[in-house]
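In mature numbering (1 follows the signal peptide of the UniProt record, and there is no 0), the protein residues as written are -21 to -1, 1 to 493. Just so it is clear, CB atoms sit at the ideal spot from N, CA and C, and this is done for glycine as well. This one's a predicted model, so the numbers in the text were calculated from it and none came from an experiment.
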């Protein structure tokens, strides 16, 4: 079915948020009439072509100054779809602003061109990033600059309204977090079960009228112990606990060291808290040596960990499987010593416990400064940073937002946000040189990763944070006095009231959790 004749949710009634309802238009001959009940128009008189509905939430573009983004509609339809409507406004007075490069999803082909394919919602409970449906012949079920007559630019003082249609979040929540490629995620946006209201001329198609593919990214949130004995990846369903082989074993040995027992005891406690019946234990090596050495060594190490865990786990009915993969499944690049160290591991995977963290007492003297600001330099210019919030979301997630400002009189490029250790690198450059630390629990939390399957069956990782790649390279350029807000998603330990925050080379900050 052609995308142009897909049955709209509200278009056949042509109810406008900027004026009264028009006469109903007949449905296309090849499609049945929409079953959605009539929507109601917003009160008040509007400028023709402008959407004046009150905003449910808003953010600002990090890349383009004077571009404001507001959620003006969030509707659950047929209990299984979400319709998101955004109003983009050029708040400037002298320049037209492009919008298409801003709103495209950089994790799929054609994501940056013409389409509003980057509009989505965060399903925190399921740890998924939900993007617009993909029809057979188009990149997404969302606004297009040409087809919808939106053009490439927004005039000063003017606005345009975009839409995107996607699957509803799990559990039919009353609110959700709306995400865009433009600025910080917008939490707690209320979801209406009423039919969508649209501005005059906006047609929202029905995804049930033609075959569509769901586009969902898994969100994985990594953390690691400060002693580097293990790191954990949480995808909302399973925990993957990667135990350092350098801690568990001597070089080229498969006999557990005295230090290994404490590390394995912590893992066994997590398995006891899980309800899952199966535990997989996988041995891995770095790229040093040959398969003839790495394969049997990784297998023997996996078997040693399986045997130790089966003795430590007290819960009944738990089955263990062990296998070695040699160097064939690296987590990180083997080009550096740090990457190799992290690839030498035994990974234990099991169903995520209901609660994987317990409340930890405040440290008597938490390292790092109080206050939420820091200073530095870039290109000889003074640069300031201010944390604007560390907000707890549902599903054990946290949203960190912070501002960077050029306090100097000349332009400056601030490139530190993407210059983290190479083993932390993602598919593209992003603001991932940021971490949270629970000092009392001696645990560090790293930015979340969006997992995207490739044609070759592998997974690419994209940072769940401000993107600074491609068309967004200028995000790191600051004019004199210019200020921009950045963001990162993390796992956030239950019960933590403050976290130590490290952003690039700025001083450590003790930040309260909101």
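- Contact annotation: the segment 146 to 160 touches the segment 106 to 116, with at least three C-beta pairs closer than 8 Å.
- Spatial neighbours of residue 439 in its own chain (CB-CB distance under 7 Å, excluding positions within 5 residues in sequence) are listed in chain order as 406, 431 and 433.
- DSSP places residue 125 outside both helix and strand once states are collapsed to three, so it counts as coil.
- When beta bridges are read from the DSSP output, residue 198 appears opposite 429.
- Put simply, the backbone Cα of residue 230 is about 26 Å away from that of residue 201.
- For residue 273, the enclosing alpha helix (DSSP H) covers residues 270 to 291.
- Around the C-beta of residue 461, fewer than 16 other C-beta atoms lie within 10 Å, and the residue is accordingly described as exposed.
- Taken through DSSP and simplified to helix, strand or coil, residue 459 comes out as coil.
- If the five residues before and after residue 95 are omitted, its C-beta is found closer than 7 Å to the C-beta atoms of 82, 121, 122, 141 and 143, all from its own chain and listed in chain order.
- Counting along the chain, the unbroken beta strand (DSSP E) around residue 109 starts and ends at 107 to 114.
- Each residue's CA atom was taken as its position, placing residue 320 and residue 362 some 35 Å apart.
- Separation of residue 179 and residue 38 (C-alpha to C-alpha, rounded to the nearest whole angstrom) is 24 Å.
- The beta-carbon distance between residue 30 and residue 55, rounded to whole angstroms, is 20 Å. This is too long to meet the 8 Å contact definition.
- Per DSSP, the continuous alpha helix (DSSP H) segment holding residue 246 begins and ends at 239 to 252.
- For residue 378, the CB contacts under 7 Å within the same chain, skipping 5 residues up- and downstream, are 164, 166, 370, 372, 466 and 468 in chain order.
- The segment 171 to 187 and the segment 285 to 300 do not touch, with fewer than 3 CB-CB distances between them shorter than 8 Å.
- The alpha-carbon of residue 227 is positioned some 6 Å away from that of residue 236.
- The beta carbons of residue 413 and residue 426 sit about 6 Å from each other, so the pair counts as a contact at 8 Å.
- By the CB criterion at 8 Å, residue 116 and residue 97 fall outside the cutoff.
- Annotation: the continuous alpha helix (DSSP H) that includes residue 319 extends over 316 to 322.
- Scanning its chain for C-beta atoms nearer than 8 Å, with the 5 sequence neighbours on each side dropped, one finds around residue 332 the residues 218, 249, 252, 253 and 254, in chain order.
- Taking C-beta separations shorter than 8 Å and ignoring five residues to either side along the sequence, the partners of residue 287 in its chain run 235, 239, 240 and 243, following chain order.
- Residue 168 is a Cβ neighbour of residue 154, given a cutoff of 8 Å.
- If you draw a straight line from the Cα of residue 225 to the Cα of residue 301, it is about 19 Å long.
- Residue nearest to residue 423 within the set 284, 205 and 162 is 205 (criterion: CA-CA distance).
- In this chain, the beta strand (DSSP E) harbouring residue 221 covers 217 to 223.
- Residue 133 and residue 480 have their C-alpha atoms spaced approximately 37 Å apart.
- With distances taken between CA atoms, residue 304 lies nearest to 282 out of 282, 353, 40 and 489.
- Residues of the same chain with a CB within less than 7 Å of the CB of residue 131, apart from the 5 flanking positions on each side, are 77, 79 and 124 in chain order.
- Its chain contains 318, 321, 322 and 402 as the residues whose beta carbon lies nearer than 7 Å to that of residue 311, once the 5 sequence neighbours on both sides are disregarded; these appear in chain order.
- As DSSP reads the structure, residue 392 sits in a beta bridge with 456.
- Under DSSP, residue 302 shares a beta bridge with 261.
- C-alpha of residue 359 to C-alpha of residue 391: approximately 8 Å in a straight line.
- The continuous alpha helix (DSSP H) containing residue 80 extends over residues 79 to 82.
- Counting C-beta atoms within 10 angstroms of its own C-beta, residue 59 has fewer than 16 neighbours from the protein chains shown and is therefore classed as exposed.
- The beta-bridge partner set that DSSP reports for residue 439 consists of 431.
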